[in-house]
Amino acid sequence: MNKKLSIIIVLGALCVWFGADYLTSSDDDTQVSASGVISPSISSNIPLNSSWYCPVGSSITNGYADHRVMITNFGDVTSTADVRVLSEEGEKIALTKTIAPGATQVIRVADEIPGLEYAAVALEITNGNSAVSHSVTTTQGVADGPCATQASSTWYLAGGKTTSESQEYIALMNPFPELATVDIELQDSFTLRPDEQLRGITVKGNSIVLKQLPQKSQLLSAEITSKQGRIVAERLQIVNESLGSKGASLQLAVSEPKRSWMFTAGRVTSQGDHALIIYNPEPVERRSSLKYQEPDLAGTLVATSSPTEDDAEIEAVVEPSELLDPVTNIRQLLGDQTTPLFEPIGETAEIEIEIWPNDATLRDTNSVVPILRTIEAGKNTVVDLDTEMKRFGFDLPTDFSVQVTSKEIPVVAERWQFAEKNFDADRLISEDDNEPAEDDAPAEDEVEEPDFSEDLRGLEQPSASSGLATSSGSSLPVNDWLVPWVSVPGTNATVIAIYGFPTNDEASGQQVPIEVTVLANGNPTKLRNGEIPMTVPGRLLIPIPDTPVTGCGPSCLPGVALQVSSPEAKVTVEVQRVNDSSLDVIPAIPVIAQ
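Basically this note's numbering = 1-based index in the sequence shown + 127.
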């Protein structure tokens, strides 16, 4: 209960809100199973067919998110994709595409069926060994991400920002014929933010519903529950130019919390803003709206909970000092007539955050220690990584991986990066989260100008002056990863970030081989002749060549598909795309050994 409220609440007929999971640390043996996967994945054994779901997108000229779908066949036989385009009214079109071995098929939805405000895409792929990603072009930039390979009745998003400068959209895709009924509950760092318009959302069979979240002052976590049917949930976050930095990011929600998350790609600069958002979805006693009656002279307020299965009276005893204007005061303390009151019954999560720089020796040189946080049940917290990297004395800019581990309680985590000179961190981080120490805050006249020629262990990659990147990370390392498509806007603009885990204590400090295959124009090419050494535990950045793509028509994007293999060590992989006007982090898709 919020200690700021000087009210004693007696709750009756309480209901419990709903309440596998590790990313192996560097000193443990890594165990991987398909049951542990909560993100897009494919099997190492070529399946007879696979399903892919791409929720966010439109097919209107100059629409909110011009939708492209990219299918890459990583196998050695031709694959067939049965493609369905879903609107808010239902299925609108079905078509079939064939994809040659090593080739990528790009589908711009507006070229197939124009005029749809909401245009999700569902695919069934037979033969081959294909993977699917999608891209949306918004008024504030381009965002890429993998499509989903599963539907679920529960989804989680650790963060989201809805202000006049930042819009958040959540797409609810129902690729099945049965109707789905969905609730979205929003949680800031203090309390639930109920919204009746986000409850009981009907998603017809083979359709898509897009919800723009209402403006709130706080960073919001979201729990998405389908009371009937299974769905796929994806977020589109847009930051407009009034923040000084425009950008967009696509991010699939995760279907369950985990005890560990690895964020492989990311950079702290002196111009941007960089944070972790961690949400503890442990249950609470009651999450409901309350209707209040005027308190009597003795200071007793009787409230009826609504909606609940059983009407329950809740008695609030109000301190006399608060009865000068009883009704107004109650509304100020508890919210304007509708405020959730709840008492956490779930456990507090104890969080440990590890920083893994490119050069592992810097952990000792800079005296890097785990960052510790506690998060109460049903709440979120923000960790300002800018401040933490300055506290450890790292020279900026610097690239690094982050590992989030919860000792016992599964959590949901995200990594957010704003690329903007003089970005005001308070727009992302609330006053009650981690504030930079006064000594760490640069004076206005000491802010550095952007430098677009930073040297990262021999790799010159620019820092973005504009853009937004969000990532949900990975919950487990594996040996093989796929990236169905990533644009390469210029030389050294796109890199693969890899973090490797030793298989046991004896393997720590050893070098393992990494193999990166680039597929462009149907031609696979192994970078550095397939011999790229990496020390484990450790981090590696590999630049992707600027390879022009030809012969795939007007819908083609300049980019490549990627395959990363590490036969002797488990790794996590993300792609970092940075140039002077954009920033993005694209998750790779794990290949799960069967």
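Note that beta-carbon positions come from the ideal geometry of N, C-alpha and C, so glycine has one too.
Nonlocal neighbours in the same chain, by C-beta distance under 7 Å from L337, ignoring five residues either side: On the sequence shown, residue 337 is found 210 positions in, with the first residue counted as 1. Closer than 7 Å at Cβ, skipping near neighbours: Y245, Y296, A298.
CA-to-CA distance, F201 to P717, given in whole angstroms: As a working note, residue 717 is residue 590 in the sequence shown. As a working note, residue 201 is residue 74 in the sequence shown. Answer to the nearest angstrom: the Cα atoms are 13 Å apart.
Per-residue burial, K288 [other beta carbons within 10 Å of its own, 16 or more giving buried]: For the purposes of this step, residue 288 is taken as residue 161 along the sequence shown, with counting starting at 1. With 16 or more Cβ atoms within 10 Å of its Cβ, K288 is classed as buried.
Anticipated Cβ contact below 8 Å, S279 with S376, distance rounded: What you label residue 279 is simply residue 152 of the sequence shown in a count that begins at 1. What you label residue 376 is simply residue 249 of the sequence shown in a count that begins at 1. That belief does not hold up - the Cβ atoms of S279 and S376 are roughly 21 Å apart, past 8 Å.
Closest residue to V248 among S186, F521, V529 (Cα-Cα distance): As a working mapping, residue 248 is identified with position 121 in the sequence shown. The option with the nearest alpha carbon to V248 is S186.
contact_flag[the stretch 696–703, the stretch 532–539] where n(CB pairs < 8 Å) is 3 or more: no
Residue environment, A720, which counts as buried when at least 16 other CB atoms sit within 10 Å: Numbered from 1 along the sequence shown, position 593 holds the residue referred to as residue 720. The residue is exposed, with fewer than 16 neighbouring Cβ atoms inside 10 Å.
Close beta carbons around G627, own chain, < 7 Å, minus the five adjacent residues each side: The sequence position of residue 627 within the sequence shown is 500, counting from 1. Taken in chain order, the residues that qualify are V639, M661, V663, P664, G665, S693, A696, V698.
Q267 to D632 span [Cα, whole Å]: Taking the sequence shown and counting its residues from 1, one reaches residue 267 at position 140. Taking the sequence shown and counting its residues from 1, one reaches residue 632 at position 505. Straight-line Cα distance between these residues: approximately 47 Å.
Residue environment, P651, which counts as buried when at least 16 other CB atoms sit within 10 Å: Here residue 651 is taken as the residue at index 524 of the sequence shown, counted from 1. Its Cβ having fewer than 16 others within 10 Å, P651 is exposed.
G374 - partner residues in DSSP beta bridges: By one-based count along the sequence shown, residue 374 stands at place 247. Note: G374 sits in a beta bridge opposite V366.
One or two residues paired with E361 in a DSSP bridge: Your numbering for residue 361 matches position 234 in the sequence shown. DSSP, once it has assigned bridges, lists A298, L379 as partnering E361.
Cβ pair S348, L250 closer than 8 Å: Indexing the sequence shown from 1 puts residue 348 at position 221. Indexing the sequence shown from 1 puts residue 250 at position 123. No, Cβ-Cβ distance for S348 and L250 is not below 8 Å.
Short Cβ contact (8 Å threshold) for D203 with A221: As a working note, residue 203 is residue 76 in the sequence shown. As a working note, residue 221 is residue 94 in the sequence shown. No, Cβ-Cβ distance for D203 and A221 is not below 8 Å.
Cutoff 8 Å: R195 Cβ touching any chain B Cβ: Looking at the structure shown, chain B is missing, and only one protein chain is on hand.
Exposure label - K354; buried when at least 16 CB within 10 Å: Against the sequence shown, residue 354 aligns to sequence position 227. So K354 counts as exposed.
Among G332, V643, V236, the one whose alpha carbon lies nearest that of E658: One-based indexing of the sequence shown puts residue 658 at position 531. It is V643.
Cβ contact check for the stretch 384–401 and the stretch 703–717: 3 or more pairs under 8 Å: yes
Beta-ladder partner(s) of M197, from DSSP: As a working mapping, residue 197 is identified with position 70 in the sequence shown. V233, S260.
Within 8 Å, strictly: CB atoms of I671 and V615: Working through the sequence shown from its first residue, we reach residue 671 at position 544. Working through the sequence shown from its first residue, we reach residue 615 at position 488. For I671 and V615, yes; Cβs fall inside 8 Å.
Supposed close pair V538, P384 - CB separation, criterion 8 Å: For the purposes of this step, residue 538 is taken as residue 411 along the sequence shown, with counting starting at 1. For the purposes of this step, residue 384 is taken as residue 257 along the sequence shown, with counting starting at 1. Going by Cβ atoms, the distance from V538 to P384 rounds to 5 Å, so yes, they are a contact pair.
Three-way DSSP call (helix, strand, coil) for R655 in this model: Start at 1 with the first residue of the sequence shown, and residue 655 comes out as number 528. Helix, per DSSP.
Nonlocal neighbours in the same chain, by C-beta distance under 7 Å from T396, ignoring five residues either side: On the sequence shown, position 269 is the one that residue 396 refers to. Only L523, P524, S590 meet the Cβ criterion.
First through last residue of the beta strand (DSSP E) which encompasses R211: Sequence index remark: in the sequence shown, residue 211 carries index 84 (1-based). From DSSP, the beta strand (DSSP E) with R211 extends over 206–213.
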